[in-house]
Every structure is written in structure tokens, then in C-alpha cells.
Amino acid sequence: LKARKANQGSRRGLQPMASYKVAILGAGGGIGQPLALLIKMSPLVSALNLYDIANVKGVAADISHCNTPSHVRDFTGASELGDCLKDVNVAVIPAGVPRKPGMTRDDLFNINANIVKTLVEAVADNCPDAFIHIISNPVNSTVPIAAEVLKQKGVYDPKKLFGVTTLDVVRANTFVAQKKNLKLIDVDVPVVGGHAGITILPLLSKMKPSVSFTDEEVEQLTVRIQNAGTEVVEAKAGAGSATLSMAYAAARFVESSLRALDGDGDVYECSFVQSDLTDLPFFASRIKLGRNGVEALIPSDLVGLSEYEEKALEALKPELKASIEKGMTFVHKQP
Ligand code: NAD
Ligand code: LMR
Numbered sequence: 075l076k077a078r079k080a081n082q083g084s085r086r087g088l089q090p091m092a093s094y095k096v097a098i099l100g101a102g103g104g105i106g107q108p109l110a111l112l113i114k115m116s117p118l119v120s121a122l123n124l125y126d127i128a129n130v131k132g133v134a135a136d137i138s139h140c141n142t143p144s145h146v147r148d149f150t151g152a153s154e155l156g157d158c159l160k161d162v163n164v165a166v167i168p169a170g171v172p173r174k175p176g177m178t179r180d181d182l183f184n185i186n187a188n189i190v191k192t193l194v195e196a197v198a199d200n201c202p203d204a205f206i207h208i209i210s211n212p213v214n215s216t217v218p219i220a221a222e223v224l225k226q227k228g229v230y231d232p233k234k235l236f237g238v239t240t241l242d243v244v245r246a247n248t249f250v251a252q253k254k255n256l257k258l259i260d261v262d263v264p265v266v267g268g269h270a271g272i273t274i275l276p277l278l279s280k281m282k283p284s285v286s287f288t289d290e291e292v293e294q295l296t297v298r299i300q301n302a303g304t305e306v307v308e309a310k311a312g313a314g315s316a317t318l319s320m321a322y323a324a325a326r327f328v329e330s331s332l333r334a335l336d337g338d339g340d341v342y343e344c345s346f347v348q349s350d351l352t353d354l355p356f357f358a359s360r361i362k363l364g365r366n367g368v369e370a371l372i373p374s375d376l377v378g379l380s381e382y383e384e385k386a387l388e389a390l391k392p393e394l395k396a397s398i399e400k401g402m403t404f405v406h407k408q409p
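Here the sequence shown is numbered in full-length UniProt numbering, starting from 75 and rising by one per residue.
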């Protein structure tokens, strides 16, 4: 009996603690598959809907055999997208093409802009109250695209639209802990701005625990964090970009969102959201998450920056502004 219980999980373990429904759009891909597996492990999820234009049936059949509470279903192609999204609490979007060596994230715009637009239209029609997590690049443009689509549909709630920048924080924590020989569990580096090149700005002066760095260390760590995506793209040599660390980061952001939906009053993450912290309409910063999405931005992170960070913040604004405008214009230019 003991062995059977160990195999199946305890009775309590088999019962969902809560019953949130999560959909992954692009679930058959490099990020989608491990992300689906990680979300399947969440006790807060009762239903996991996996959507892709191909290859999702096998992924769902495979993951559905894990003895965790959530029920897994697969949906293939546009005709099944609406059903996939019905009553969903969190819609995660990693659909789209990844970079190859030599490309910028913006080089993905022409393909991914349309994919994100179409998927967000379906979210607007089928689960307009859902938290929407945008992973597809270029995030600096795809989030504004999503906002404009939701506005056109009359269902835009800026508190519920998130560009997923958690991977930048995950990387910053890892690299800083390594460099300064810190216990990873204690390290928390806020990363602000956007999610491409110099728009990624780690605030080392605001990290926990408070640590002092030489100017060289600040420069070296900042550049490594900004180029970490490219580091992976080059190592994969044409086989795509970060998928496993991204799935880990996205699963963390989903879990944080579910905890917030479930009433936990102490959930903070960095995310690229509509913002009034700077003169840009969207900006990544630390946010407090609550039942209704973004409960508060954390303006204190941008007060008392180091001279290096102040300069870097001013330097990133023109590029981030242009990427945001490119996304907005794309939606309004559509016939
Ligand atoms: P991938 O090619 O392995 O997977 C993408 C999946 O999207 C495929 O399964 C494909 O069939 C699917 N897809 C394509 N068009 C679709 C559509 N219209 N509807 C539904 N699904 C569709 O790529 P990947 O490595 O998983 O990366 C996906 C995206 O995530 C890329 O744009 C990449 O740049 C981005 N990304 C973002 C971050 C971040 O930090 N935000 C990190 C890594 C990757
Ligand atoms: C990343 O930061 O790893 C992603 O944005 C993927 C990429 O193209 O670098």
C-alpha cells in the first residue's frame, strides 16, 4: 500500500489546491514543451490546455501521464483555438520563430507580429479577463501589439497584459551570485527597461543583498546580462534560442501569477507592462501582482540610481520608444 501511495501521490496530493486554467499557445515548440511540463507540476493548476498549429497531440499525451492534478488537453489549428481559450485564467504565448546567429530580436518582427496579433485576437474573443503573458519576440514590440489589439476589441486591461522578462532576472541573479560568490537563494536583481540588447538594464545598485561592485564588474555583468540571449543563440549555432531556461523563467512567472490570483498578498516580479514610471508607455520594472493583475509599480527602484545606471537608462529610451511605436503602428496599419 505504501508503495502504491508513493507511486500515485497521497490522496491530498492528487487533489488540486486550487483550480486555475492555463493555456499555452505555441505549446509544441522549444519553450512550449518544457513549459507545459513545468506547469503540469503546479498544484494550483486544474486544467492545462496546449495549443499549436502542429505537433501538440503527442506532447499533450505524453505530459498527461504525469500523476499531478491538472487535466491536459490538446488543440491543433485555428479551428480549435477558441475552445482552447474558453474560461482560461492565464494565457501564455511563446508562439513564433526564434533567432539564429547574427539576427536581432527585431529581425523576428515580420513573422511574429502577425502570429501574436492573431493569437491575442482569439484571447480577446474567448477569455478577455485572462492574464496574458507574452514571450514571443521582439517583446518590446509584441506587447504593444497585444495592447492595441485588445483596445480594438474593447477589452484592454493594462493590469493584465505582461511581457515576460523573468529570464533577464533569472540570468542576472545567476551571474551576480557566481561573480560575488553569493548564495543564489538570497540574490534578487531587479532588471528594468525592455527585453533586447541595451534596453535590458539590471539595477545592480538596487539588488538584494546590497553588494559593492567595481566599475569594471558593473560593466562586465551588465553587458553579460544584456547579451545572455545571444550567448545561447550562438552556442545553439542555428538550432534556436533559449528554451529550457526560458521555460523555467516562464513557469516561475505563471506560478507567481497564480499565487496572486489565489490571494497571496506578497508577490513581486519584474515584467514589461504599461507604465508611467518613465515617459515611455511601456517599461519593465518590478511590479506587485494581485488578484486583478498589476496592483502597483515599484517607483522606488528608479530613484537613487548609480551614475552608470542613470546614463544607461537615458541611453535605452530611444531604442525602446522606437520598438514600442513599431508595434503600435503595425496594428493600426492593418487593413
Ligand atoms: P520554436 O520554433 O521552438 O517554437 C515555436 C512554436 O510556435 C512552434 O511549435 C510553432 O509551431 C508555434 N507556432 C508558430 N506559429 C504559430 C501560431 N500561429 N499559433 C500557434 N503556434 C504557432 O521557438 P521557441 O524557441 O519556443 O521560441 C518561441 C519564441 O519565444 C521566439 O519568438 C523567441 O524569440 C521567444 N523567446 C522569448 C524569450 C523571452 O525572454 N521573452 C526567451 C526565449 C525565447
Ligand atoms: C532570450 O533572451 O534568450 C530570448 O529573448 C531569445 C533571444 O532571441 O535571445
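No residue lacks a Cβ here, since even glycine has one placed at the ideal position from N, Cα and C.
Query, Result
"Using CA atoms only, rank isn't needed, just tell me which of 290, 263 and 253 is closest to residue 274.", "263"
"With DSSP run on the structure shown, which of helix, strand or coil describes residue 116?", "coil"
"Thinking just about the alpha-carbon of each residue, which of 223, 327, 319 and 189 is nearest to the one in residue 368?", "327"
"Verify the contact flag: residue 315, CB atom, against every heavy atom of ligand 2, threshold strictly below 6 Å.", "yes"
"Please confirm whether residue 182 and residue 211 have their CB atoms less than 7 Å apart.", "yes"
"Would the region 288-295 count as touching the region 306-316 if we require 3 or more Cβ pairs under 8 Å?", "no"
"Can you name the start and end residues of the beta strand (DSSP E) that residue 344 belongs to?", "341-348"
"Which of the three DSSP states is assigned to residue 238 in this structure?", "coil"
"I need the DSSP call for residue 359, collapsed to helix, strand or coil.", "strand"
"Give a yes or no on whether the C-beta atoms belonging to residue 209 and residue 370 are separated by under 7 Å.", "no"
"Classify residue 139 as helix, strand or coil using the three-state DSSP reduction.", "coil"
"According to the neighbour-count rule (16 or more other Cβ atoms, all chains shown, within 10 Å of its Cβ), is residue 135 buried or exposed?", "exposed"
"Identify the continuous beta strand (DSSP E) that holds residue 149 and give its terminal residues.", "145-150"
"Please return the same chain residues whose Cβ sits closer than 6 Å to the Cβ of residue 352, not counting the five positions on each side in sequence.", "none"
"In this structure, does DSSP put residue 375 in helix, strand or coil?", "helix"
"With 7 Å set as the bound, which would you pick, yes or no: does the beta-carbon of residue 225 sit closer than that to a beta-carbon of chain B?", "The structure shown contains no chain B, having only a single protein chain."
"Quick check: the Cα distance between residue 312 and residue 125, rounded to an integer number of angstroms?", "25 Å"
"Keeping to the same chain, check which residues put their C-beta closer than 8 Å to that of residue 361; ignore five residues upstream and five downstream.", "342, 343, 344, 345, 347, 368, 369, 370, 371 and 372"
"Which residue or residues does DSSP assign as beta-bridge partners of residue 125?", "99 and 149"
"Count Cβ pairs between the region 148-166 and the region 174-191 that sit closer than 8 Å; are there 3 or more?", "no"
"What does a CB cutoff of less than 7 Å around residue 157 pick up in its chain, not counting 5 residues either side in sequence?", "149"
"My understanding is that residue 213 touches residue 145, with C-beta atoms under 8 Å, so please give their C-beta distance in whole angstroms.", "So it is not a contact: roughly 30 Å between Cβ atoms."
"Which of the three DSSP states, helix, strand or coil, is assigned to residue 299?", "helix"
"In three-state terms, what does DSSP make of residue 354?", "coil"
"Is any heavy atom in ligand 1 found nearer than 6 Å to the beta carbon of residue 256?", "no"
"With a Cβ-Cβ cutoff of 7 Å, do residue 130 and residue 101 count as a contact?", "yes"
"State yes or no: is the C-beta of residue 184 nearer than 6 Å to some heavy atom of ligand 1?", "no"
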